[in-house]
Each structure stands twice: as C-alpha cells, then as structure tokens.
Amino acid sequence: MPLHSLPYGTGRSLSLRFRSGTSIVEFSGPETSDPANAQAATERALNNPLEFPPITSATVPGDQITVAVCASLPCMQPIATKVIDMLLAASAQPEEITLLLPNEADVADYKSTESIPANIHLDSHTPDERTTLGYIAASQQGNPVYFHRALCDADFVLPIEPSIPDIEGDEGTLYGKLFPTYSDTDTRFRLLCATDSHTRAQNAAETQEAAWLLGIQLGIQVVPGACNEPLHVLAGQSEALQTIGGKLSTKAWHTDVSEPASLVIGTIAGGPALQTWEHVARALAASAAVIQEGGAIALCTELKEPPFPALKHMAFETSEFLPPEDRPAHTAEEELVVQRIRQTLQRASVYLVSDLESHDTESIGFTHVDDPGSLQRLGEQCDSCILLHNAQYAAPVLLQQETQTP
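For the sequence shown, my numbering begins at 507 and goes up steadily by one.
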C-alpha cells in the first residue's frame, strides 16, 4: 500500500501505511499551489466590491471608522493592515480609525508586528464589560442587540469575517461573525451554544438582522486555504458577500463521504494561532461527523495550551446548555469547545498528538500519544479510514445524511 503523509503543526508530518484492502478516503482540502497574496487580494477586492462602490467612495473626510477583525486567524492581520492603508490613502486620518480585535491577546500580536500605522487606535472586546457595549435595538425575536461601542459610535464599520462551512448540518456557522463576536456574554452563549437545528437557524437569521440594524453595508470575507493563507478574499454588499463567500468556502472545504469509517485521522497545520482548543474541538467535530459509532479518532496537533478548567470539569457531564444564572464561569467559546468534545467522546475514542503532558490530555478522556508513529498500529487494525488534512476547516458530510435532509 502507498505511504500516506499528513503534515501538521509547523514542519511536522505523520507517515502511515495501511493493510492491503483497507478503504482509504483522503481529503487534502482545496487544491492550489498559488494561495492568494493577502494584501494584493484585499486591494483587488476593495477596488471592485460585489454590488458596492469601491472603498474610496465609502467614506468622507471626518468619518469615524471601525475595522472589526472577527476571528483570530493568522491570515487576517495582513488583510486588516491593507484595509487601513487603503483607508488612509483615501480620505481618513489615523486618529479617525479604530481597529477592533476579538481579545487582548490579538492586540498584543498586532502590536508586536509593528505593521499597523502609528495613531491607529487598537481596541479589544470584553463581552462582560457592560460599559463598553451599546444597545442598538431589539431583534424580531425580541432579543436585545448589543454591540461594542466602537461599532455603535462609528460612521462606517467594515467587518472582516472568515468564511468556513458549517459542520452541524445547518445553513451557516456563526463562528467569526460580527454578531455575536462583538456582542454581550448572554448573547454569545445563546447564539454560539444552541444545540437544536431550529434554534440554530433562527440564530443565523438574527445574526444577519443584527448586522443590518447596525447599518453594515460593506464587508470582507476570507476563505482560508490549505496552507493557512487566504484562498479567497472577497468584499462587497452584505447579502451578495454571504452568498458568494458561502459557495466558495463550501467548494473549498466540503467533501462527500459515502459511509462512515472505523478510523478518522485529522491534522491541524500551522503555527500557535491555530493550535488552540477551539480549533481542536472543531476538528474533532468534523471527524465525528464521519466516524463509525465506537470508532477511533486521531488528531495530530502542536497544541501546548493546557485544558481550561471548564473543560476538565465538564467534559463528561451530560447536562446541556445551562441558563445564565446557573452557568459556570467560562466563556461561550469554551462552552462550545466542551459541547463538541463531549459529543465526540460519546461517539468515539480520541487519540491526541500534542505538546501537552499526558495528565492534561488524559484528564479529559483522551488517549495521550507520545510518538505519532504509534498511530501506525491504529492504521493496521482498521478496515476503513478517512484522512482529513486541516481538519479545523474541513466539512465532511455523509451522503446518506444529505439524502435524508429535506
């Protein structure tokens, strides 16, 4: 049987051979040897937006402008830098521009590169801090819509969002959307952690409504590529952007699988920004979508971040989403990680390659893998295997599920 090589982390690789007759399905992600140059692609997109005038016509002198980066992905920084350069080249002054980032760690990262011009105000979001939030309106469902004040007070807001296909079987993921990324804690829990498809569909509609209430007209969407560079950078009017961006991300990362496998091996390639529990949980959820009940999932990472307390305490709990008054002290993103890992462990055994100590991985029910080569034994024992490169973006779907979907 041929040798299968799966790169992960920064410069690491897993090589495996399988027994003759083993059914192997390998999904490497979008095929491109020439990923988009982030800044050049951004300039092209903003000079020719979908159903919208060029960015040079979007603002007037004196406008207060907020550029909102909605996800902590490495490909976002050069895009945000180019956006600011183009705004400055048009009519904006540095002191009129705020670059809003999801958290304080992102602010430190952006400052460390010295790529953001001086006098640009860098701000981060703290959803528990009510003084930094502004009330916009009530949604059609009667829910209050809060946004970070840097968005509420701006004359022009330009969100930069990732476009990654959903893996829960609904029309769109809320990961990296302006709302609820820059909303309050209760809203983030309600929208990110919903478990039933009907509620998730309502939440997706509310996300679009909130952006409309804020007055968003022009946006940017980024489809990540297999090498963690942008595959596509799109700009345009919100509705057109959602449609085209969704189609391109689905084309890049969706794959049909005829039947579940007894073994799924996934990888997370890239540096520290991608080696997080958030990406691990999404990669596991993608793998669990195509694993046989009682099968095995192996995930190859360079994760160094120890499990957060809620993950250690809640990994084996069977309770679903708790009301705010009973909620443990953790974030909505952490709750989503816990949900996904709990659901994965209910379906399969998980083997984790990481830079963590064994007691960290074993404390949440994973099998610690010291030597990635030891996964060869799993490969020799399985009768079918699915290989998911860059599993943190992958969206594999069983054909039988698609057939059953009305």
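Glycine included, C-beta positions come from ideal geometry on N, C-alpha and C.
Proximity to residue i [Cα-Cα], best of the options
i, options, result
"I628", "T565, A574, F662 and I585", "For clarity, residue 628 is Leu in the given sequence; the question names Ile instead. Nearest C-alpha to L628: A574."
"T705", "W718, I642, S669 and L680", "L680"
"T479", "E868, A802 and L664", "Not covered by the structure: residue 479. The range shown for the chain is 507 to 912."
"R853", "W783, L769 and L884", "L769"
"Q798", "D634, T850, E532 and A595", "T850"
"F685", "A614, A716 and S703", "A716"
"T807", "P766, T867 and P815", "T867"
"H836", "A816, Q845 and P559", "A816"
"A791", "L805, A779 and Q781", "L805"
"E839", "R696, A598 and E667", "R696"
"G682", "G731, T562 and L607", "L607"
"D634", "A544, P584, T562 and Y688", "Y688"
"S578", "L520, P508, Q882 and Y616", "Y616"
"I666", "Q748, D690, T516 and L509", "Q748"
"T920", "D659, C658, L720 and Y652", "Residue numbering for the chain in the displayed model covers 507 to 912; residue 920 lies beyond these limits and cannot be assessed."
"T713", "D659, T701, T691 and S645", "S645"
"T548", "P508, A710 and H738", "H738"
Backbone secondary structure at residue i - three-state DSSP
i, result
"D762", "strand"
"F814", "coil"
"V796", "coil"
"T782", "coil"
"E667", "strand"
"D634", "coil"
"C576", "coil"
"S929", "The requested residue 929 is not part of the displayed model; the chain covers only 507 to 912."
"R525", "coil"
"L881", "helix"
"I585", "helix"
"L719", "helix"
"Q845", "helix"
"C658", "helix"
"S689", "coil"
"P508", "coil"
"E677", "Low per-residue confidence applies at E677: pLDDT is 47, beneath 50, and the placement is therefore not dependable, though the value from the model is reported in the following sentence. Here E677 sits in coil by DSSP."
"A767", "strand"
"A546", "helix"
"L862", "coil"
"I870", "coil"
"D809", "According to the sequence as given, residue 809 is Leu; it is not Asp. L809: coil per DSSP, three-state reduction."
"G682", "coil"
"A700", "coil"
"T824", "Caution applies to T824, whose pLDDT of 43 falls short of 50 and renders its modelled position unreliable; the value that the coordinates give is listed next. Note: T824 maps to coil in three-state DSSP."
Which residues DSSP lists as bridging residue i, in chain order
i, result
"Q743", "L724"
"L894", "F533 and G772"
"P736", "P730"
"P513", "S519"
"T627", "Note that residue 627 is His in the sequence shown, not Thr. In the DSSP output, where bridge partners are listed per residue, H627 has T604."
"P902", "T761"
"G640", "F653"
"A838", "Looking at the DSSP assignment, A838 forms no beta bridge with any residue, so it has no partner."
Rounded Cβ spacing between residue i and residue j (contact assumed at less than 8 Å)
i, j, result
"V728", "S669", "6 Å"
"G777", "L522", "Wrong, their Cβ atoms sit about 24 Å apart, outside the cutoff."
"V859", "V875", "5 Å"
"A794", "L552", "Rounded, the Cβ-Cβ distance is 38 Å, inconsistent with contact."
"I870", "A787", "Going by Cβ atoms, the distance from I870 to A787 rounds to 11 Å, so no, they are not a contact pair."
Residue i and residue j closer than 8 Å at C-beta
i, j, result
"T572", "I622", "no"
"L556", "I722", "no"
"S755", "G725", "no"
"F953", "L894", "Since the first residue of the chain shown is 507 and the last is 912, residue 953 is not available in this structure."
"A544", "C576", "no"
"A656", "L719", "no"
"A901", "P671", "yes"
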